[in-house]
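Let me begin by presenting the structure, written as structure tokens, before commenting on it.
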Amino acid sequence: MIKLITILMWLALHPVHVTIFGIEYSESKKAFDATLRIYYDDFLLDYENLKGDLPAFDFAGGKSDASRLLKDYLSARIALESETARLDFSIESINLNREENELTLTLLFRCSSPGKYFKVKNSVLTSLYNDQANLVILKIRDFEEGVKLTPGNEEHLFRTGAGE
1449 MIKLITILMW LALHPVHVTI FGIEYSESKK AFDATLRIYY DDFLLDYENL
1499 KGDLPAFDFA GGKSDASRLL KDYLSARIAL ESETARLDFS IESINLNREE
1549 NELTLTLLFR CSSPGKYFKV KNSVLTSLYN DQANLVILKI RDFEEGVKLT
1599 PGNEEHLFRT GAGE
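As structure tokens, then:
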């Protein structure tokens, strides 16, 4: 009984290293709407690991400095490619829920047509945790697929058939 309680307590206290990156193509916008969810404390560690220092992020104020820093970080950690072109993105919204320790970013990737092949790279937190799981869900028209990216597999090529 004590072993069972010990195991259950260890599982309850063991941190979860996961992000969720949902991407959906919008015909009306000719763009991909994307949402990235990450634990805020993990984001801060990864940012400092990547950049060497940790600025004071101000998500309550004008957000322009925070948005610029976040875009620089994300440009190094995520990439979306339609066929062979890497898509540029803008940050549409930033939401920090301190009670839940969750940072949610809404991104917009411009793309006139998604094509038959679509590559997603997500290396968020992979340099910190060897058990990191970056869940990616891609939806283009009738195509929807989810994958788990890990430190050993940071990108996935989706065969969407969207350009056919």
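Going by the numbering used here, the first residue of the sequence shown is number 1449, and it counts up by one from there. The beta-carbon is built from N, C-alpha and C at its ideal position, and this holds for glycine as well. All values reported here derive from a predicted model rather than from experimental measurement.
> Got a sec? Which residues, its chain only, sit under 7 Å from Leu1605 by beta carbon, not counting five neighbours each side?
Replying inline: Tyr1565, Lys1567
> Excluding five sequence neighbours on each side, which residues of the same chain lie with their C-beta closer than 7 Å to the C-beta of Phe1507?
Replying inline: Ala1514, Ile1542, Leu1544
> Can you give the Cα-Cα distance for Thr1598 and Thr1554, rounded to whole angstroms?
Replying inline: 22 Å
> From Arg1534 to Leu1528, what distance separates their C-alpha atoms?
Replying inline: 6 Å
> To the nearest angstrom, how far is it from the Cα of Ser1474 to the Cα of Ile1588?
Replying inline: 8 Å
> Out of curiosity, what's the CA-to-CA distance linking Glu1592 and Ala1482?
Replying inline: 14 Å
> Opposite Ser1538 in the DSSP bridges: which residues?
Replying inline: Leu1556
> Does DSSP put Phe1505 in a helix, in a strand, or in coil?
Replying inline: coil
>> Quick check on the DSSP output: the beta strand (DSSP E) that includes Tyr1473 runs from which residue to which?
In response: 1466-1474
>> Report the CB separation of Leu1551 from His1465 in whole angstroms; it is logged as a contact under 8 Å.
In response: Incorrect: roughly 15 Å between the Cβ atoms, too far for contact.
> Three-state secondary structure (DSSP) at Glu1481?
Replying inline: The amino acid at residue 1481 is misidentified as Glu; the sequence shows Asp. If DSSP states are grouped into helix, strand and coil, Asp1481 belongs with the strands.
> To which residues of the same chain is Pro1503 closer than 7 Å at the C-beta, ignoring the five residues directly before and after it?
Replying inline: Leu1517
>> Using the Cβ count rule (16 or more neighbours within 10 Å means buried), how would you classify Arg1525?
In response: buried
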